[in-house]
Amino acid sequence: MTEFIQHLINGLSIGSIYALIALGYTMVFGVLKLINFAHGDIYMLGAFYGYFISRFFSLGENPSLFSLLLALTLTMATCAFTGYLIETFAYKPLRKAPRINALITSVGISLFLEFTGQLVFGSDPKFFPQIFAISGEWAIGDLKFNPLQITVFIISLTLMAILQFVIFKTRLGRAMRAVSFNHDLASLMGIPTNRIISFTFMLGSALAGAGGVLVGLVYPKIEPLMGVMPGLKAFVAAVLGGIGNVTGAVVGALSLGLAEEFVVGYLAPSFRDALAFTILILVLLFKPTGLFGTKTTEKV
Amino acid sequence: MKQYLIWLTALVAIVIVNFGLIPFLPPYYYSILIYSGVNIILAVSLNLVNGFTGQFSIGHAGFMSVGAYLSAYISIMITKDNPDLLANPVTANLIFLVSLIAGGAGSAIIGYFVGLPSLRLRGDYLAIVTLGFGEIIRVMILNIDAIGGARGFTGIPLLSNFLWVYIAVLFTLFFIWRLVNSAHGRTYLSVREDEIAAQSMGVNTTNAKVQAFVIGAFFAGIAGGLFAHFLLYLNPQTFDFNRSFEIIIMVVLGGAGSISGSVVAAIILTVIREALRPIQEITRIDFRMSIYSLFLIILMLNRPNGLFGTKEIFNFMSSKMRRLFLGKEDTAT
Amino acid sequence: MKKISIYLVSMIFALGLSACKKTTPENVITIGEVGAMTGPTATFGISTHNGIMLAIEEINEAGGVKGKKLNLISLDDQGKPDEAAMVTTKLITQDKVVAILGEVASSVSLAMAPIAQQYKVPMITPSSTNPDVTKKGDHIFRVCFIDPFQGSVMAKFAHETLKAKSVAILRDIKNDYSMGLSNFFVDKFNSLGGKIAVEQSYSAGDIDFKSQLTSIRAKKPDAIYVPGYYTDVGLIARQARELGITVPLMGGDGWDSPKLKEIGGTAVNGSYFSNHYSAENQDPKVQEFLAKYKAKYGSTPDALAAMGYDAARVLAEAMERAPSLASNDLRDAIAATKDFSGVTGNITIDQDRNAVKAAVVLKVTDDGFKYQSTVNP
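Residue numbers (my numbering), protein chains in the order written: chain A, 168 to 467; chain B, 7 to 339; chain C, 600 to 976.
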């Protein structure tokens, strides 16, 4: 029983990481109808930005909540800027082109970031500075909690709540929803669609960057190819929840984390990476809209 | 009639080159030639799915790996107990033929299952599913001990050679060229252009899509078999996402929907990889992949239709040449 | 359009021509290196490359081999077997190298070995531990020990020194090195009367290992064997301690890197791993290597750098002894290597072209890796 509950805790904690990345995916897809393959690599960049920022301000030497928040904010800002650059130079010119072109471009950007990352950062793994620490060990009997992981969980939830607020309670959010509903109609209503798309892209990138820092905190090993698998899995999570849907992304990510955890724990650990894709294919075959997605019919 | 003459001439040319030129070719260039051939088959077969049928598949390396492993497994199983079969050129080539076709067929069966989701999915969703299938196949191979798992698969007999590879290339080109120019093949194009319109015209779009996947997978499997019996060693790492991506670049660079474009692009990219090596000796860093990906982005932004678009190389020739090649004025697509 | 393609094609030809018009100067011996400089295994390839470069520089400063300088051509294979095969063919037939160093991963060396053998060019792999590699032909050598030996070293250590009754295995499914080591560990440990509590696996690059570790914890093993690379082991150790697993972890030479302590922190303390040498060894050869490496690259060398260094030195020493650098002469000279005193131990090449040398067991502590015991083959 202890083992089962421990697995449950582990699954939720890895799921919350997937959720942060999945949110960016789902938002960009919502407004752009584009699967941004480079999203996982922006998460990688976030981890590296956080690494350099922490080293620049020597945040590793005085771990505190302030250090963490400082690194987090700066990383989110730089990631948003990177996202802005990518969007402006690579995606904006393709707004009117077939979606496949944009998809190929995003694959190109993803590979560019990965391989250039290897050249610039070096391909050896780096140790992410411990910019925040909670001493002691939290445990109930044999059940172990990593205090850092709980911190990360709380921060993730906070970020998601802020996101929810932005989308549903602000004018900007309303514009975003309008654009995701229908580009042309939105622009007829006077919404600056291009600016809204850029903003959404920046928001998604900032979230991915936050994910990078938080992962670096709990799993302090970062490398240029770290974004590949989490990126793909977060995408699966987004599809599972119904792509384009914010709540769905979170639920999908947590479910995926749990599913992986239990497959590894009880069934066949060596099939872990195949599981996510099997889920993906099954979801797409039997419920392509995902858990929370809305059905759209294609019109002539 | 004239068309067949062209294919026949090409066949004769391949045979002449094989006996007249290949023995004098340095091994390094010979390897480049073989890999070019394998890449041509891969690019053209992917083009059938991506370019002509308009289904975006990014798991082509998965099909290639199925063909490679299956054909290697079969030729090893047959020759394991009777090594003299390999000494006799007749039986050796026969075994190779059997294992190649089996590899292609195995891959085609997988292609059928990957094609099925395309009935319900389009565009980017399908792309992700094919990617997922590629990954699943890779994880499966890692878990099968009989074919080496992570250790890799060794002991494959050397059976591929220039003649085999280029006859396969010619066959692939012939088959797909004839296919997309047939009435049957036109249904594939109609799916690409407008699925709903095609449906309302009575085209069985379901069939067309699945068939494209099956045929594409079959040829990818053949390419895998040729590759396996040349490299003599298989490892799941060889067939990762990057490999699929390389094939996509070939299709995009050549122009989705242009067979000759894929051929040219496959050759250019195979040769360019090697041509860039001297640079690497100077800089000590390999930034070929960075160049590659940047190149792809720039290509998509400035020339999204690739070198040839949907045109064929003949369309750039004078009408006289075209007539010589095709025996008619009007060309496909 | 046409212009572009003409330009492209002519550029390719120009490049291709410049590639083949290369002449080797008379007073230089060219050797080739194949390694991963990019891709998922690049960090190991670069370490090995650094070790080899250090050795080559030293040899050249000391006057070279047979009065000639060594010239190293190192090419990237991105960690892919097919790329490596291509690169090997190029090095041998275009650049006319007299010998080849590489690759780190057995899965890549296995694709190179048949080619080196076909052209009868000696190939020395610094750290491919799969027994099959040198079975590919009589021109293929290695300077590291093979999986069966290293696996049994730790099995013996677990049984005799740690007095472990049951051991859990956590291996990297994507990595043939890890699979090989764990298989031989299991065989040996079972034959010693021990019990394998549970076998779990991960794939290189994963960051979360808690599910595997939770399952392992439930079986209450006396030790956990994690024959992976330091890139993953640091995180595995951290998460094991987080879950309250206090039993020692054990591993192989893939652990030997300063990064292990950096990433793993205090969590890796108290773990043991088998290695080729100990940095505490006061042999001037070892100390000199450590000092020089640190001066040149600013970091402590890992096992792969040391192996690369030794592979290059074994080759240079054999070249010096060989009557000529023709393939069979050089092959025989390498095969005759006996008691070569390298950084990673005294290397003797046996009739299977494998290095026979002792392994050491090191303990991870706060002051670095402490020598525990030596196991002779």
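We treat Cβ as the ideally placed atom computed from N, Cα and C, and that holds for glycine. Note that the structure is predicted; figures quoted are calculated from it, not measured.
Interface residues of chain C facing residue i [CB-CB closer than 8 Å]
{"i": "residue 239 (chain B)", "result": "680, 684, 709, 710, 713"}
Rounded distance between the beta-carbons of residue j and residue i, thought under 8 Å
{"i": "residue 379 (chain A)", "j": "residue 242 (chain A)", "result": "7 Å"}
{"i": "residue 313 (chain A)", "j": "residue 841 (chain C)", "result": "5 Å"}
{"i": "residue 246 (chain A)", "j": "residue 373 (chain A)", "result": "5 Å"}
{"i": "residue 50 (chain B)", "j": "residue 171 (chain B)", "result": "About 13 Å; that fails the 8 Å criterion."}
{"i": "residue 836 (chain C)", "j": "residue 866 (chain C)", "result": "4 Å"}
{"i": "residue 772 (chain C)", "j": "residue 914 (chain C)", "result": "Actually they are not in contact, since the Cβ atoms of residue 772 (chain C) and residue 914 (chain C) sit about 33 Å apart, beyond 8 Å."}
{"i": "residue 810 (chain C)", "j": "residue 797 (chain C)", "result": "That belief does not hold up - the Cβ atoms of residue 810 (chain C) and residue 797 (chain C) are roughly 13 Å apart, past 8 Å."}
{"i": "residue 299 (chain A)", "j": "residue 235 (chain A)", "result": "4 Å"}
{"i": "residue 54 (chain B)", "j": "residue 222 (chain B)", "result": "5 Å"}
Closer than 7 Å at the beta carbon, the chain A residues around residue i
{"i": "residue 833 (chain C)", "result": "388"}
{"i": "residue 799 (chain C)", "result": "436"}
{"i": "residue 130 (chain B)", "result": "202, 266, 270"}
{"i": "residue 296 (chain B)", "result": "279, 282, 283, 286"}
Classification of residue i by the beta-carbon crowding that lies within 10 angstroms, buried from 16 upward
{"i": "residue 305 (chain A)", "result": "exposed"}
{"i": "residue 881 (chain C)", "result": "exposed"}
{"i": "residue 114 (chain B)", "result": "buried"}
{"i": "residue 660 (chain C)", "result": "exposed"}
{"i": "residue 173 (chain A)", "result": "buried"}
{"i": "residue 168 (chain A)", "result": "exposed"}
{"i": "residue 711 (chain C)", "result": "buried"}
{"i": "residue 256 (chain A)", "result": "exposed"}
{"i": "residue 690 (chain C)", "result": "buried"}
{"i": "residue 489 (chain A)", "result": "The structure shown has nothing for residue 489 (chain A), since chain A only spans 168 to 467."}
{"i": "residue 325 (chain B)", "result": "exposed"}
{"i": "residue 26 (chain B)", "result": "exposed"}
{"i": "residue 950 (chain C)", "result": "exposed"}
{"i": "residue 819 (chain C)", "result": "exposed"}
Residue(s) in a DSSP beta bridge with residue i
{"i": "residue 664 (chain C)", "result": "C:667"}
{"i": "residue 941 (chain C)", "result": "C:944"}
{"i": "residue 629 (chain C)", "result": "C:670"}
{"i": "residue 969 (chain C)", "result": "C:962"}
{"i": "residue 800 (chain C)", "result": "C:770"}
{"i": "residue 675 (chain C)", "result": "C:634"}
{"i": "residue 293 (chain A)", "result": "A:389"}
Proximity of residue i and residue j at Cβ, strictly below 9 Å
{"i": "residue 207 (chain A)", "j": "residue 398 (chain A)", "result": "yes"}
{"i": "residue 977 (chain C)", "j": "residue 644 (chain C)", "result": "In the structure as shown, chain C starts at 600 and stops at 976, and residue 977 (chain C) therefore has no counterpart that could be examined."}
{"i": "residue 788 (chain C)", "j": "residue 754 (chain C)", "result": "yes"}
{"i": "residue 699 (chain C)", "j": "residue 657 (chain C)", "result": "no"}
{"i": "residue 224 (chain A)", "j": "residue 238 (chain A)", "result": "yes"}
{"i": "residue 849 (chain C)", "j": "residue 766 (chain C)", "result": "yes"}
{"i": "residue 401 (chain A)", "j": "residue 185 (chain A)", "result": "yes"}
{"i": "residue 279 (chain A)", "j": "residue 369 (chain A)", "result": "no"}
{"i": "residue 273 (chain A)", "j": "residue 202 (chain A)", "result": "yes"}
{"i": "residue 770 (chain C)", "j": "residue 825 (chain C)", "result": "yes"}
{"i": "residue 214 (chain B)", "j": "residue 194 (chain B)", "result": "yes"}
{"i": "residue 144 (chain B)", "j": "residue 60 (chain B)", "result": "no"}
{"i": "residue 205 (chain A)", "j": "residue 276 (chain A)", "result": "yes"}
{"i": "residue 268 (chain B)", "j": "residue 52 (chain B)", "result": "yes"}
{"i": "residue 732 (chain C)", "j": "residue 751 (chain C)", "result": "no"}
{"i": "residue 297 (chain B)", "j": "residue 313 (chain B)", "result": "no"}
{"i": "residue 311 (chain A)", "j": "residue 833 (chain C)", "result": "no"}
{"i": "residue 717 (chain C)", "j": "residue 737 (chain C)", "result": "no"}
Where residue i meets chain B, residues with beta-carbon distance less than 9 Å
{"i": "residue 775 (chain C)", "result": "154, 155, 156, 157, 158, 241"}
{"i": "residue 778 (chain C)", "result": "155, 156, 157"}
Listed by chain order, chain C residues near residue i by CB distance under 7 Å
{"i": "residue 396 (chain A)", "result": "804"}
{"i": "residue 34 (chain B)", "result": "688, 689, 692, 693"}
{"i": "residue 294 (chain A)", "result": "861, 862"}
Where residue i meets chain B, residues with beta-carbon distance less than 7 Å
{"i": "residue 440 (chain A)", "result": "141, 145"}
{"i": "residue 452 (chain A)", "result": "123, 126"}
Near the ligand ADP: residue i beta-carbon under 8 Å from a heavy atom
{"i": "residue 697 (chain C)", "result": "This structure lacks the ligand ADP; in fact it carries no ligand of any kind."}
Residue i: contacting residues in chain A (beta-carbon distance under 9 Å)
{"i": "residue 254 (chain B)", "result": "271, 274"}
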